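S.K.:
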Amino acid sequence: MKKTMVYLVGAGPGADDLITLRGLECIRHADCIIYDRLISARLLEEAPSGCEKIYVGKAVGEHSASQEEINALLIEKAGQGGSIVRLKGGDPYVFGRGGEEALFLYEENIPFQVVPGVSSSIAGPCFAGIPVTHRGMARSVHIITAHTKSGGLTDADYKRLAPLEGTLVFLMGLGQTAEIAAGLIRFGMGHTCPAAAVSCAGTTEQRTVSSTLECLAEEVEKAGLNSPAIIIIGETVALREKLNFFENLPLWNKKILVTSDRKKNGTLSHLLEAYGAKVTAVPMTEIVPMRGSLTSYLPLLGNYSYVVFTSGNTVELFMAELYEAGGDVRKFGGAKICAVGPSTCKKLLEYGLRADIVSSIHSGEGLLDQLRGILKTTDSVLLPQSAKANPRLEKGLKDLCSVDVVSVYDAVRLPVADGLSTGDFDAVMFTSSLAAENLATVSDTTALKEGKATAFSIGPSTSAALRAQGIEPLESGDCTVEELVVKVIDYFTWGESHG
Ligand code: SAH
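FYI, the numbering for the sequence shown is 671 to 1169, going by our numbering.
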């Protein structure tokens, strides 16, 4: 049986990249994960296949597992051996009952480790632009739960809290904002003391209300703020005016639909989220490798004069086949390598290959123009590509010399759930013509056609597919996802004229 270890892991306050590296490693090697509410689904996807995932949090209106039930589960799973991760929001020891669980494991003689997490009590204020301590303003920070065994805070509590000069951070207190403010004012805290409430801190759903102690409850109510939320009271709240970096990100509150295949969706979504966008990722296409398609060509690879790569996908699948066949980059022999676009070059370099000829214009046609002056009729070209590739490159090359075209993958449309409407978004991202075509068949694209939502396209062929549907897109400068994101940021910062 595998050795048992229970890890009490803090997952951070909600955004999936606010976990520690150690915490992530625990998830990646877990045999079983027992997790709470507010844990990002993307974090759980990091678990190895076969890892058992058990939810013990409370859905709205439902019963959550009691501490006794959780403890019983810990014993049961520990008994089966292996690595058990008890995943908790924020830090396990900050109002997360982590201490109780650790003591229980100690009593039961079950080996355990604790992995600290970024607590919402510190990160929440940070993402609202509020330092919890600040020289000359707040020399201490006090983290308080408004949720006590007796139901709430008492006058004795307020009497102790009101004279404190540091920052007060209340967890689990949104519903009691008015009582907390009244209690503190009753025991001498200034009614104009800066105060704020932050909900869903650190995520693209974050909302902040900042006010005075006296008016905070009313403002929270007016804004319709929901839990999870924290309340922050103290002079440093005023610094938010200058330090509110998060809600001032260029794509903050922008709703963006990303339609690429799964892999590209990941990169693009991540980049957009890093600038504050609310991303909905709906993969419209999938890459299906056509394994074995290169089998008869690989032994002769070194005999070709040129091998032409038109995308990073092609490079990846080509190299996978080459490795599978027992070969490596030496098989290219004297064949020169041609590439379309910087992402293709970058991908080639990952395999230790530098392209000899790179199209200066980022399209197959651009490369063709360059090759016209170079290719001789005696040359031979290998062109691995998508089964749905635009035929122009192939045709053009065939006019110049002998060409072997091999489909190494197919891009297929994915079914998409009903009810998707571009009207629900500020922008829609397209990284392939197939995704553009698929979107039109599965959703209402009126908003895109009327310019109420803006379409962004990775390059000329995707743009052409969009135009064919009456949608005028803004296009990435160099066919890369990175430049596409720059385009989106410029557009939302400066408007269409600068887009
Ligand atoms: N151990 C957790 C706290 C658990 S108690 C931590 O260290 O963060 C649950 C309370 O934490 C919620 O009621 C709320 O007050 C606060 N909270 C958790 N995540 C939050 C978030 N993303 N934004 C604001 N408050 C959050």
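We treat Cβ as the ideally placed atom computed from N, Cα and C, and that holds for glycine. Being a predicted model, the structure only gives us computed values, none of them experimental.
Threshold first: 4 residues or longer. Then list the alpha helix (DSSP H) segments lying entirely within the region 878-904, N to C.
M.R.: The qualifying runs are 886-893.
S.K.: Using a Cβ-Cβ cut-off of 8 Å (strictly less than) and excluding sequence neighbours within five positions of R809, which residues of its own chain qualify?
M.R.: The residues are T803, E835 and G836.
S.K.: Beta carbon of T873: closer than 7 Å to some heavy atom of the ligand SAH?
M.R.: For the ligand SAH, at least one heavy atom lies less than 7 Å from the Cβ of T873.
S.K.: Can you tell me the Cα-Cα spacing of G680 and A995, whole angstroms?
M.R.: For G680 and A995, the distance between alpha carbons rounds to 44 Å.
S.K.: Measuring straight from C-alpha to C-alpha, what distance separates L831 and A871?
M.R.: Cα to Cα, L831 sits roughly 24 Å from A871.
S.K.: Once you ignore the five residues that flank A1123 on each side, which residues in its own chain have a CB closer than 7 Å to its CB?
M.R.: Counting only Cβ-Cβ distances below 7 Å, and skipping sequence neighbours, we find T1092, G1093, F1095, D1096, A1097, V1098 and A1117.
S.K.: Tell me where the beta strand (DSSP E) around I926 begins and ends.
M.R.: Here the beta strand (DSSP E) through I926 covers K925 to V928.
S.K.: In angstroms with no decimal places, state the Cα-to-Cα distance between M675 and V785.
M.R.: The straight-line gap from Cα to Cα measures roughly 12 Å.
S.K.: Is I900 near the ligand SAH, in the sense that its beta carbon is under 7 Å from a heavy atom of that ligand?
M.R.: I900 Cβ: within cutoff of the ligand SAH.
S.K.: Shortest alpha-carbon distance to W922 belongs to which of A793, L1154, K673 and T1163?
M.R.: W922 has its Cα closest to that of T1163, out of A793, L1154, K673 and T1163.
S.K.: Return the CA-CA distance between L1041 and Y1079, expressed in angstroms with no decimal places.
M.R.: Whole-angstrom Cα-Cα distance: 24 Å.
S.K.: Taking 7 Å as the cut-off, does the CB of F765 come closer than this to any heavy atom belonging to the ligand SAH?
M.R.: At least one heavy atom of the ligand SAH is nearer than 7 Å to the Cβ of F765, so yes.
S.K.: Apply the 10 Å Cβ neighbour rule to R698 and answer buried if 16 or more other Cβ atoms are within range, or exposed otherwise.
M.R.: By the neighbour-count rule (16 or more Cβ atoms within 10 Å), R698 is not buried but exposed.
S.K.: Rounded to the nearest angstrom, what separates V879 and K925 at their Cα positions?
M.R.: Going from the Cα of V879 to the Cα of K925 covers about 21 Å.
S.K.: With a CB to CB cut of under 7 Å and the five nearest residues on each side skipped, what residues in its chain are close to V1082?
M.R.: For V1082, where only same-chain residues beyond five positions count, the Cβ hits under 7 Å are T955, E956 and V958.
S.K.: Does DSSP put L678 in a helix, a strand or coil?
M.R.: In this structure, L678 counts as strand in the three-state DSSP scheme.
S.K.: Beta carbon of P718: closer than 7 Å to some heavy atom of the ligand PLP?
M.R.: You won't find the ligand PLP in this model; what it holds is the ligand SAH.
S.K.: What is the rounded straight-line gap between the Cα of E911 and the Cα of V999?
M.R.: Taking the straight line from one Cα to the other gives about 56 Å.
S.K.: Does DSSP put H940 in a helix, in a strand, or in coil?
M.R.: Here H940 sits in helix by DSSP.
S.K.: For G946, is the classification buried or exposed, using 16 other Cβ atoms within 10 angstroms of its Cβ as the cut-off for buried?
M.R.: When all chains shown are included, G946 counts as buried.
S.K.: Under 8 Å by Cβ, that's how I've got L913 and G794 pegged, so tell me the actual separation to the nearest angstrom.
M.R.: Not confirmed; about 14 Å, so no contact.
S.K.: Let me check you understand the geometry: is the CB of C870 closer than 7 Å to at least one non-hydrogen atom of the ligand SAH?
M.R.: Correct: C870 has its Cβ closer than 7 Å to the ligand SAH.
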